[in-house]
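Peer 1: Sharing a structure here in structure tokens format.
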Amino acid sequence: MPEPTRPAVVTGASRGFGRAIATALVAAGMPVVGLARDAGRLRTQQEELGEGFVPVVGDAVDEELARWVLAEHDPRLLVLNAGAAPTMAPVHEHTWESFSAPWEVDARQAFTWAKVALTAPLPPGSHVVAVSSGAALRGSPLSGGYAGAKAAVRFVARYAAEESDRAGLGIGFTTLLPQLTAATDLGAAAAAAYAARAGGVTSGAPGLTPEQVGKAVVGIALDDAAPGAEYLLTAAGPQPLEAP
Ligand SMILES: NC(=O)c1ccc[n+]([C@@H]2O[C@H](COP(=O)([O-])OP(=O)(O)OC[C@H]3O[C@@H](n4cnc5c(N)ncnc54)[C@H](OP(=O)(O)O)[C@@H]3O)[C@@H](O)[C@H]2O)c1
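Our numbering numbers the first residue of the sequence shown as 13 and each following residue consecutively.
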């Protein structure tokens, strides 16, 4: 009997990029364990995708849950996509709580799952894709600590790739830095705030779609991209970033 295909875990699978990533992976023949907090949206996603999609309701920063997911589902691929929608306001109008919210979710998620992946550990040949942001390259002045948290996501993936190499674990770590797009809840709020700041002017460039993000993750993860790679992701497709 053929071995069952080891699944992908996609965090933040209920909406936006995560929903599209889960849909693309299932279409490519890889079962998906989809994690988010909203049980109703995950149920709808399961109804649409069928038995290839297994919902897990929970918080992406819960280390115990991450260890359980690895032990229970033996994933080949982790897509760390969940992210807090940043409060859109200039820096002096933030509280420390609103400023640091992306650190408590986005950066903490990367830290938690990288730690669990390296210590469980995931079997050789497994792959972790961390979703950072183009904001990590140039800042995001209306999103509080968002750009800094996304830069931390990129650093954590790099550190984890190095530790995997040092220990000979054979786990690949890839970072994706998508461009801002109004095509998701999080992106629409940010795009509207930056357009208002620019007096209603938008870039006019074609926007990245969630489907393009799903396609990029399938290409990168299932084509076994070089571990440690980092890609800026725009409507033109993934562009490898130079090693610093
Ligand atoms: N859209 C853009 O322009 C853009 C650009 C660059 C990078 N990104 C990054 O891409 C990722 C996805 O963004 P998106 O635009 O698709 O956002 P979105 O539409 O707001 O969706 C966010 C997803 O994350 C989940 N989530 C949030 N906090 C969570 C938590 N603590 N535990 C588990 N799940 C959680 C949400 O589900 P629940 O609320 O049900 O938990 C939802 O499924 C984020 O990391 C974001 O920073 C987005």
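Every residue gets a Cβ at the ideal spot worked out from N, C-alpha and C, and that includes glycine.
The structure displayed is predicted, hence computed values, not measured ones.
Could you tell me the distance, in whole angstroms, from the CA atom of residue 117 to the CA atom of residue 53?
Peer 2: Translated into positions along the sequence shown, residue 117 becomes position 105. Translated into positions along the sequence shown, residue 53 becomes position 41. The alpha-carbon atoms of residue 117 and residue 53 are separated by roughly 20 Å.
Peer 1: Scan the stretch 162-249 and note each continuous beta strand (DSSP E) run of 3 residues or more that stays entirely inside, going in chain order.
Peer 2: 184-190, 242-246
Peer 1: Taking the alpha helix (DSSP H) that residue 66 belongs to, which residues open and close that run?
Peer 2: Numbered from its first residue, the sequence shown carries residue 66 at position 54. That residue, residue 66, is in no alpha helix (DSSP H); its beta strand (DSSP E) goes 65-69.
Peer 1: Candidates 213, 81, 192: which alpha carbon is nearest residue 66's?
Peer 2: Residue 66 sits at position 54 when you count from the first residue of the sequence shown. Cα-wise, what sits closest to residue 66 is 81.
Peer 1: Taking the Cβ atom as the reference point for each residue, do residue 99 and residue 156 lie within a distance shorter than 8 Å?
Peer 2: Residue 99 sits at position 87 when you count from the first residue of the sequence shown. Residue 156 sits at position 144 when you count from the first residue of the sequence shown. Annotated as proximal: residue 99 and residue 156, with beta-carbon spacing under 8 Å.
Peer 1: Cutting at 8 Å between CB atoms, please list the residues of its own chain near residue 79, excluding the five before and the five after it.
Peer 2: As a first step, residue 79 must be located in the sequence shown, where it is residue number 67. Once the five neighbours on either side are set aside, the close Cβ partners of residue 79 are 128, 132.
Peer 1: Between the beta-carbon of residue 203 and the beta-carbon of residue 194, is there less than 8 Å?
Peer 2: Along the sequence shown, one-based indexing puts residue 203 at 191. Along the sequence shown, one-based indexing puts residue 194 at 182. It is a contact, given that the beta carbons lie within the stated cut-off.
Peer 1: Per the DSSP calculation, residue 46 is bridged to which residue(s)?
Peer 2: As a working note, residue 46 is residue 34 in the sequence shown. In the DSSP output, where bridge partners are listed per residue, residue 46 has 22, 67.
Peer 1: Quick one: give me the first and last residue of the alpha helix (DSSP H) that residue 85 is part of.
Peer 2: Here residue 85 refers to the residue found at position 73 when the sequence shown is read from its first residue. Where residue 85 is concerned, the enclosing alpha helix (DSSP H) stretches over 75-85.
Peer 1: Using the rule of at least 16 other Cβ atoms within 10 Å of the residue's Cβ for burial, across every protein chain shown, is residue 242 buried or exposed?
Peer 2: For this step, residue 242 is matched to residue 230 along the sequence shown. Residue 242 is classed as buried because its beta carbon has at least 16 other beta carbons within 10 Å across all chains shown.
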